[in-house]
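In my numbering, the protein residues as written are 18 to 287.
Even glycine gets a Cβ: it sits at the ideal position worked out from N, Cα and C.
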Ligand SMILES: Cc1cc2nc3c(=O)[nH]c(=O)nc-3n(C[C@H](O)[C@H](O)[C@H](O)COP(=O)(O)OP(=O)(O)OC[C@H]3O[C@@H](n4cnc5c(N)ncnc54)[C@H](O)[C@@H]3O)c2cc1C
């Protein structure tokens, strides 16, 4: 499916659509890219939320998909981290955007990976696979997280080393964030694991948790339901497995209306 990005900007939009300018795009691998959009002044969101992003194809059909916002709520630009699915209706077009092009940004960010959906605790675990790192890229640059938890443990499971590059960049950016300057950002422990390449941590995080290797290799104690809280973002299968592990430790799933010990968000549908 082909589209002219210029035509996207000029196509007949619903009144609720807003097109915003692309500031930059970075291709990390053949199938992973990130892009920054100009943030409309009135666009507000909580770190960890997702929003609908879209384009119109040549037949003027609006293609909208959910995207986690990967920048923190205080940032001037909106950062997104995306897979590129071969023949994917949206990403086969979106992966070809250039600075100056425009994409549609729907105005209602939402999602459960927000602090409000968790009870207070001491340790916060952030479990991501693949592009599921996107909401956590936002969260780990939000001062609130360092004010609310004593320890934050971010795990990211990917296939290959190159798939970790975006997450590693965010960890570097975080060191330079002025808003985090007076906070103890060393509270964050990063635990990357790879499933298809030899690495310092190899294997699926769920397996490493079940075997106890995760706690041993990260140098931390086992889950404790009264002090630990968790956010999970990955495939449906991963989320299910993590939910089962966390429930097995006595932790309860939460939501904004009923905060709990852990929350889940799917990184994609399918
Ligand atoms: C709450 C939520 C948040 C999301 N946030 C992001 C995000 O931050 N970044 C992102 O890249 N995608 C995200 N997605 C997925 C996104 O909405 C699209 O599915 C994706 O951009 C592909 O769009 P498409 O139209 O090209 O292909 P689609 O027709 O939407 O997808 C085709 C197939 O590709 C696979 N797929 C889609 N997305 C992914 C993915 N991220 N990782 C692995 N496999 C995938 C699935 O098997 C899917 O059936 C999110 C989805 C949900 C529900």
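C-beta contact flag for residue i and residue j at 8 Å
i	j	result
residue 146	residue 108	no
residue 156	residue 143	yes
residue 187	residue 224	no
residue 172	residue 100	no
residue 118	residue 39	yes
residue 61	residue 70	no
residue 244	residue 113	no
residue 15	residue 54	With the chain represented from 18 up to 287, any question about residue 15 goes unanswered, as that position is not in the structure.
residue 10	residue 222	Examination of residue 10 is not possible in this model, given that the chain is present from 18 through 287 alone.
residue 132	residue 158	no
residue 218	residue 239	no
residue 88	residue 63	no
residue 192	residue 163	no
residue 116	residue 227	no
Pairwise C-alpha distance: residue j and residue i
i	j	result
residue 58	residue 207	33 Å
residue 213	residue 46	15 Å
residue 22	residue 36	Caution applies to residue 22, whose pLDDT of 44 falls short of 50 and renders its modelled position unreliable; the model cannot decide the point.
residue 199	residue 78	48 Å
residue 167	residue 246	11 Å
residue 197	residue 160	6 Å
residue 276	residue 220	31 Å
residue 97	residue 169	22 Å
residue 269	residue 248	12 Å
residue 284	residue 265	23 Å
residue 267	residue 274	20 Å
residue 287	residue 257	14 Å
residue 65	residue 95	12 Å
residue 229	residue 215	19 Å
residue 183	residue 151	9 Å
residue 202	residue 80	39 Å
residue 261	residue 165	25 Å
residue 252	residue 124	25 Å
residue 280	residue 272	7 Å
residue 255	residue 102	20 Å
residue 137	residue 181	29 Å
residue 43	residue 278	35 Å
Proximity winner among the options, relative to residue i (alpha-carbon distances)
i	options	result
residue 93	249, 194, 253	194
residue 210	238, 263, 179, 239	179
residue 242	118, 263, 69	263
residue 128	67, 202, 252, 255	67
residue 86	261, 250, 204, 205	250
residue 73	44, 120, 151	120
residue 237	259, 141, 181	141
Chain C contact for residue i (CB, 8 Å cutoff)
i	result
residue 212	Of the protein chains in the structure, only one exists, and it is not chain C.
The stretch 101-120 touching the stretch 40-52, judged by at least three CB pairs closer than 8 Å = Between the stretch 101-120 and the stretch 40-52 there are three or more inter-stretch CB-CB distances shorter than 8 Å, so the stretches are counted as touching.
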